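These notes concern the structure reproduced below.
Numbering (my numbering), first residue to last: 134 to 740.
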């Protein structure tokens, strides 16, 4: 009996010791499945199935000495892994949606807390704990020291190579991926991990000046322009986020040359995707940059209003050859102010073209080799695709040609139609072509050639120096300058004002290049005897008109007789534009005509 009591007591003690001691597993395998997710702008682990289903950065549980497997599923946003660094356990990196990785290991033989985390995203929330034995999860599950150790773990230096080629696609300028996963893709997403070095080669595929900018990583390449030439740059990816890369040549970003670099998760350390304000609209202009030093070599780009061919002689239809050159040139915008214009034949507007209805017109367009841009011509007198622009997209140093039949009488605008079209027009690429009727126009004493346009400069109106184009203002339709024949107050100068004598008849061919604003054309102190509304020369003209409206890309022809000597101001009767450089003078000489006008001219009238 005594022996039995001793045995029972020993068994009881063993059961008590066993119940109070840590449990040691023998071959038990616990499996957990985690997936990557975004919560409140941060990456986290999300539990899948069982007790951890739906939990964020769940506490995992294991028995002492147990074998455990943790599987990680990528939800498709960024590159991820899972690490138990104190156990020297590290998974592979997974980057594609649905891709998995897993680790299997034996937990320690002592109770405690083991940190797990993503080696890249721990600092932005992707961390949790494995509880070994009967312990309680700490409030701060992963120590900063553990995270710091993970972040400083030696990593293999990776060089990521990309090649982009500049080209035109669907009427836009774009970057085209060459080779690998980006081959054939326009403005492809470029991907890299933090710590990678990117080697990027930019090839000129279109012979137009381009470059590669990525502001957040301070990448600014030199220009490539000659077709087939290339430049290679290397830069380190030192931060996470989604960053815009683009071409910095004015207007190129706005017409399509913009893509994304996705660094790491694509989410910045502040907890949200970097939002690049697109230059296609809505972005605010940066702080005003100072003007450069005025270009001492800037030339007079104003086309004199008398610079137009004489009326055609009486003749039948003929073949007419027109030769034009596109010229990018530094011109005088105002006194002490220069600007880089884009022109036809070096003047604004482009040359006045004159043909007869029924003519076959052969147009040759040559783009000078020193141009940075491709250019083209769209003539509103053309019946055919793009008004000829589809046949004249001309690279620097190139020449194109097409023919058309002049089917319709009228006065028509022409302009460059290379993207961004509005930018090419604003910079000065517009002119007019007259298709004369059979027998020509009635004879007048003077014919003048005028066109209205707008300039969008970074610097405010009146700034001296070398001014820069501002595409944000262009897209927002906020011009700094309104101009006749290309420059501020150009037709009010002694060099270019209009002249006539009393009793003479005047014809003005007037058009609006724009690209955005309608003109209310008016001559202060004169009445138009005849207005060929919207430049319809086959319709009966309007008579005795004070002001006529001309839309962008439109024209008119006005005729009147000057009766009284004096200075007559040519304006857009949206008169605030006069304060932005829009005025010209018609100087009329001759004997006074008191029967028509009699008064003492006083100063200060504004006229």
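Cβ coordinates follow ideal geometry from the N, Cα and C atoms, glycine included. Only a predicted model underlies this, so the values are computations on that prediction, with no experimental measurement involved.
Item, Value
"Validate contact between the segment 481-493 and the segment 559-573 using beta carbons, cut 8 Å, 3 pairs", "yes"
"CA nearest to the CA of residue 491, picked from 571, 530 and 525", "571"
"Cβ-Cβ separation, residue 609 to residue 778 (assumed contact under 8 Å), whole Å", "No statement about residue 778 is possible, as the shown extent of the chain runs from 134 to 740 and does not include it."
"Span of the alpha helix (DSSP H), counted from its first residue to its last, around residue 741", "The structure shown does not extend to residue 741, since the chain spans only 134 to 740, so no value can be given for it."
"Cβ neighbours of residue 363 in the same chain (closer than 8 Å, five flanking residues each side left out)", "334, 335, 336, 337 and 357"
"Neighbourhood of residue 169 by C-beta distance below 6 Å, restricted to the same chain and skipping five residues each side", "207, 208 and 213"
"Inter-stretch contact (C-beta, 8 Å, three-pair minimum) for the segment 528-546 and the segment 366-380", "no"
"C-beta atoms of residue 635 and residue 723 nearer than 8 Å", "yes"
"Close Cβ partners of residue 583 (< 8 Å) along its chain, the five nearest in sequence each way excluded", "438, 617, 618, 624, 641, 642, 643, 644, 703 and 717"
"Other residues of its chain near residue 629: CB distance less than 6 Å, five sequence neighbours each side excluded", "435, 437 and 623"
"Close-in-space but distant-in-sequence residues of the same chain around residue 460 (CB under 7 Å, 5 per side omitted)", "476, 478, 479 and 501"
"Beta-carbon spacing of residue 311, residue 296 below 8 Å", "yes"
"Where the alpha helix (DSSP H) through residue 606 begins and ends", "604-609"
"Where residue 193 falls: helix, strand or coil (DSSP)", "strand"
"Inter-residue spacing [alpha-carbon to alpha-carbon] between residue 360 and residue 250", "49 Å"
"The segment 338-356 in contact with the segment 437-455 per 3-pair CB rule at 8 Å", "no"
"As assigned by DSSP and simplified to three states, the class of residue 184", "helix"
"Residue interval of the beta strand (DSSP E) (run including residue 539)", "Run containing residue 539: none; DSSP gives neither H nor E here."
"Closest residue to residue 719 among 652, 713, 681 and 633 (Cα-Cα distance)", "633"
"Spatially closest choice to residue 651 from 676, 688 and 240, by CA coordinates", "688"
"Contact set for residue 223: own chain, Cβ-Cβ below 6 Å, skip 5 residues either direction", "216"
"Coil, strand or helix - residue 710 by DSSP", "helix"
"Residue 556: first and last residue of the uninterrupted alpha helix (DSSP H) it sits in", "554-559"
"Spatial distance of residue 171 from residue 165 (CA atoms)", "19 Å"
"Ranges of the beta strand (DSSP E) found wholly within the segment 212-251, counting only runs of at least 3", "233-239 and 245-250"
"Distance CB(residue 656)-CB(residue 614) smaller than 8 Å", "no"
"Per DSSP, the bridge partner or partners of residue 456", "497"
"Below-8 Å beta-carbon distance, residue 464 vs any chain B residue", "Looking at the structure shown, chain B is missing, and only one protein chain is on hand."
"Other residues of its chain near residue 314: CB distance less than 6 Å, five sequence neighbours each side excluded", "none"
"One or two residues paired with residue 668 in a DSSP bridge", "Paired residue(s): none; residue 668 is not in a bridge."
"Inter-residue spacing [alpha-carbon to alpha-carbon] between residue 308 and residue 463", "29 Å"
"Candidates 659, 675 and 660: closest to residue 666 by CA position", "675"
"Euclidean distance between Cα positions of residue 196 and residue 242", "9 Å"
"Sequence-distant residues of its chain with Cβ nearer than 8 Å to residue 550 (five each side left out)", "509, 510, 511, 519, 520, 522 and 557"
"Exposure label - residue 408; buried when at least 16 CB within 10 Å", "Only weak support is given to the placement of residue 408: the predicted model assigns it a pLDDT of 43, under 50, and the question is left unresolved by the model."
"Cβ-based neighbour list, residue 321, same chain, cut-off 7 Å, excluding 5 preceding and 5 following", "310, 315 and 392"
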